[in-house]
Every structure is written in structure tokens, then in C-alpha cells.
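I have placed the structure first, in the form of C-alpha cells, so that the comments after it can refer back to it.
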Amino acid sequence: MRKQEVKVVDRRTFVKASVGALAGTLLANRLNPALAQGALEGEDLANLEKGLRQVLGKGFRDLTVSPQVRLVAPTIAESGANVPVEIEANLPADQVKAIHCFSDKNANPLLFSVILNGILPYYATRVRVAETAPVRAVVETKDGRLLLASQSVRVTVGGCG
Amino acid sequence: MSINILVRFTPARPKAGEEVRIQVVVQHPMEPGTRRDASGNLIPANYINDVVVTMDGQPIAQVKPGPGTSANPLFAFKMKATKSGQVKVTCKDLNGQTGERTADLTLA
Chain A
1 MRKQEVKVVD RRTFVKASVG ALAGTLLANR LNPALAQGAL EGEDLANLEK GLRQVLGKGF
61 RDLTVSPQVR LVAPTIAESG ANVPVEIEAN LPADQVKAIH CFSDKNANPL LFSVILNGIL
121 PYYATRVRVA ETAPVRAVVE TKDGRLLLAS QSVRVTVGGC G
Chain B
1 MSINILVRFT PARPKAGEEV RIQVVVQHPM EPGTRRDASG NLIPANYIND VVVTMDGQPI
61 AQVKPGPGTS ANPLFAFKMK ATKSGQVKVT CKDLNGQTGE RTADLTLA
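Order-wise, the sequence lines are chains A and B.
Going by our numbering, the first sequence wraps up at 161, each residue one higher than the last.
Going by our numbering, the second sequence wraps up at 108, each residue one higher than the last.
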């Protein structure tokens, strides 16, 4: 009799706990867009962090995901040696100081930096991506904000070897 | 031998106040320093690490490409065409070679 009671309680707590955990993860994903973005294919935050520190002196946590930054890159690139990337910021021209671009798994995560001086916040180029990884556009504004947009690029043939 | 640069404006003759795209293509192998030749030796890095664009002597953009920029790289910028002027692009690679090209932007 006693044994049975224990079992029943066990199952209830189990069900309750799992439902709670599931709701918790869903909620967390919805509340924190940066966390939801963390599910990008092939990301390597440790390597990215290294590049960010070197170039900006700031880490991944200092970046804010912003819908004002538009990053256009192919989702699948046949050759990593030549990936067209287009970055545009929906901000007044005099607010943008620089545009930086990173790729998580490149030996040197910084792809390029552009310092803009009064022209429209737009930049297009072709980059090398070593292997399937997110490409990240970081727009640096004059008041020191760092706005981020990321997109994962799947690479069939690597571009750095 | 200096580096060959091509500059193009789209539209070629913008109206005043219109957005014009400045497209720069540089002919350069952009060796990243990680590739090997046929006998397995590392090819030394030689990429363009500095591109400066000026308009009538005023710097409008400076690009610092890293080894992660493709061979024969393309750089494109956008600006509001307010007046005619001379756009000058200069670049420098790791071997110290330089290239320079000027193009005249004329309003329609």
C-alpha cells in the first residue's frame, strides 16, 4: 500500500516538473532574442569572442541584436571562397561610425572593418568563410552602441585552405 | 607593378540628391596565408589591408580588409549625390604595393 502511494507521487511530480521545464525554455527563448539566435548553425562563440576583443575590446555580451541592421548573405554558399555579403543599417548617415563583419569559425574571425565618414551606412563585399558558420555584422554607432545581425551560411567547400 | 583598380558608379550620372552606389573592384589574389602550393609549402600572406576612398580630398570611407576577403575583392558604398566631384581610391597590400584610381562623379 505504501509503495503504491510513493509511485503515484513520483509520476505526478515528474509530469509537473517536465511541463514546467518545457514552459521555462519556451519562455526564455521568447524573452531573450540573443539566446534564441544562439541556435545558429556552426557557431563558435569562443573564437568569435577572441576576434571581438581584439577588434572592439568588447565581448559578445556587449552586442545588442538590432532589427535596424540588415545583413544579406546566402544561406548556402557553394564555395566559401566567394560569399557576397551586404550590410545596411537603417540609421541616419551621421550616426554610424563603422561596420565590422565577423565569421565564427575563421582562423581570423574578423572579415573586415569599414570606417564610414558621412556616407550612407551601406557596405557590400565578398568574403571568405572557412566552414559552415554564422556571419555577423556589427554596426558601431557614434554613441558607442554595437548593433548586431547574424546569419548562418552553410558552406560546401571551405574558402581558406 | 601597381595594383589595378576599377571604379564604377550606379547610376552612372545620378541626379542631385539621388543615392549613388560606388563600386570598387581591385585585381588582387588576396593570399590569406593559410593556403599551400602544389608542393605543400605555405603561400605567404599577401592581402590588401588598407583601402581609402576620398571625395575631393575628403576621406569618405576607409576599409580594413582582413585575410577573409575574397580574391579580386569588391567594395561597394552608397552615398547621396549632392555635387559633382572626383572620387579617388587608393589601396595598399602587405608587400607594400599600392594602387590608385580616380573617377569623376558628374551629376545629370
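Glycine is no exception: its CB is placed at the ideal position from the N, C-alpha and C atoms.
- Using a CB distance cut-off of 8 angstroms, B:K78 counts as an interface residue toward chain A.
- For A:Q54, the three-state secondary structure derived from DSSP is helix.
- 8 angstroms or more divides the Cβ of B:A16 from the Cβ of B:L105.
- By the C-beta criterion, the segment 128 to 138 of chain A is judged not to be in contact with the segment 85 to 103 of chain B, since fewer than 3 inter-stretch pairs fall below 8 angstroms.
- Each of B:F9, B:P59, B:E18 and B:T34 was checked against the Cα of B:Y47, and the nearest Cα belongs to B:T34.
- Under the criterion of beta carbons closer than 8 angstroms, A:A133 and A:K105 qualify as touching, at roughly 4 angstroms.
- Against chain B, the CB of A:I76 has no partner CB under 8 angstroms away; the residue lies outside that interface.
- Around the CB of A:N108, 16 or more other CB atoms lie within 10 Å, so the residue is classed as buried.
- Take B:V25, set aside five residues on each side of it, and the residues of its chain with a beta-carbon closer than 6 angstroms to its own are L6 and L74, in chain order.
- Per DSSP, A:F60 lies in no beta strand (DSSP E) segment and is marked neither H nor E.
- The C-alpha of A:I99 lies about 8 angstroms from the C-alpha of A:L116.
- Going by beta carbons, A:V114 and B:A76 fall outside the 8 angstroms limit.
- Interface criterion met: the Cβ of A:S103 is under 8 angstroms from a Cβ in chain B.
- Comparing C-alpha distances from B:K64 to each of B:D50, B:M55 and B:G57 shows the shortest one belongs to B:D50.
- If you draw a straight line from the Cα of A:F102 to the Cα of A:T141, it is about 17 angstroms long.
- Rounded to the nearest angstrom, the Cβ distance from A:V157 to A:S79 is 5 angstroms, consistent with a contact under 8 angstroms.
- By a beta-carbon distance limit of 8 angstroms, A:T64 does not contact B:T69. Their separation comes to about 26 angstroms.
- Here the C-alpha atom of B:A38 lies approximately 42 angstroms from the C-alpha atom of B:P59.
- In this structure, B:V52 sits away from B:V87, with a CB-CB distance that is not shorter than 8 angstroms.
- Secondary structure within the segment 54 to 142 of chain A: not one fully enclosed alpha helix (DSSP H) run of 4 or more consecutive residues is present.
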